[in-house]
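Participant: Got a structure for you, questions after.
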Amino acid sequence: MPRKPAHTRPNKLPVSRPFSSSKRNYGGKWLKKKTDIGRDNNRPKTRGISFGLVAGRGQQVEVISHGAQVDIAKHLALGNVTVVDFYADWCGPCKQLSPTLEQMARTDPEIALRKIDIVNWNTAVAKQHNIHSIPQVNVYNRGGRLVGTVVGVSIEEVKRYVAQAKTGG
Numbered sequence: 049m050p051r052k053p054a055h056t057r058p059n060k061l062p063v064s065r066p067f068s069s070s071k072r073n074y075g076g077k078w079l080k081k082k083t084d085i086g087r088d089n090n091r092p093k094t095r096g097i098s099f100g101l102v103a104g105r106g107q108q109v110e111v112i113s114h115g116a117q118v119d120i121a122k123h124l125a126l127g128n129v130t131v132v133d134f135y136a137d138w139c140g141p142c143k144q145l146s147p148t149l150e151q152m153a154r155t156d157p158e159i160a161l162r163k164i165d166i167v168n169w170n171t172a173v174a175k176q177h178n179i180h181s182i183p184q185v186n187v188y189n190r191g192g193r194l195v196g197t198v199v200g201v202s203i204e205e206v207k208r209y210v211a212q213a214k215t216g217g
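Going by my numbering, the first residue of the sequence shown is number 49, and it counts up by one from there.
Okay, structure coming up:
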């Protein structure tokens with residue numbers, strides 16, 4: 049005689065239960081402990097991503113947008129050279145360029161790095177700034193004027209524009 053399904057047997061619990069109820073049994077406690085590993089309960093709770101990342105002695109490195117429109121002029125570090133990096137997490141060349149730009153900002157107190165994650169080609173920020181190829185790096189002088197734009201992984205060209213921006217370029 050075939051067995052009846054669990055949901056039709058009166059003394060049997062259903063197979064699927066909400067996760068919260070499964071936390072109450074011994075196995076659920078073990079699972080909860082496993083899921084809490086690595087969680088720092090002493091750290092203040094924050095919502096979302098912390099965008100400001102202090103970069104050692106230099107200026108602040110900031111991710112100022114994740115696909116949303118952004119007014120770059122509001123994020124320029126006037127009095128310092130500002131490097132704006134348009135990138136995406138899935139972009140290999142961006143991953144290659146990013147550590148070098150961050151190192152420049154960490155070691156040179158006259159450079160501020162602002163990062164804009166375009167997320168994909170159809171986001172508002174990509175359309176707003178007419179981004180068709182990444183990585184794209186814009187370099188602004190101390191007064192906030194665009195000195196040059198570099199498309200691709202050309203750190204020498206970025207350094208040349210930064211030097212030009214420092215001299216007033």
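We put the beta carbon where it would ideally sit given N, CA and C, even for glycine.
Taking the alpha carbon of N169 as the reference point, which residue from I179, A160, R162 has its own alpha carbon closest?
Facilitator: In the sequence as displayed, the identity of residue 169 is Trp instead of Asn. With distances taken between Cα atoms, W169 lies closest to I179.
Participant: Thinking C-beta only, is P183 closer than 8 Å to P141?
Facilitator: Yes.
Participant: Mind checking T171: buried by the 16 CB within 10 Å criterion, or exposed?
Facilitator: So T171 ends up on the buried side.
Participant: Report buried or exposed for F99, applying the criterion of at least 16 other Cβ atoms within 10 angstroms of its Cβ.
Facilitator: Legend: pLDDT at F99 = 40, less than 50; position of this residue unreliable, value from coordinates given subsequently. Classification of F99: exposed, given that the 10 Å Cβ count is below 16.
Participant: In three-state DSSP terms, what is Q117?
Facilitator: It is coil, neither helix nor strand.
Participant: Name, in chain order, the residues that DSSP records as bridge partners for Q176.
Facilitator: Answer is none; Q176 lacks a bridge partner.
Participant: Report the rounded CA-to-CA distance for V199 versus I166, giving the unit in angstroms.
Facilitator: Roughly 14 Å between the two C-alpha positions.
Participant: For T130, does the count of other Cβ atoms within 10 angstroms reach 16, so buried, or fall short, so exposed?
Facilitator: Flag for T130 reads buried.
Participant: Thinking just about the alpha-carbon of each residue, which of N189, R193, S202 is nearest to the one in A211?
Facilitator: Nearest C-alpha to A211: N189.
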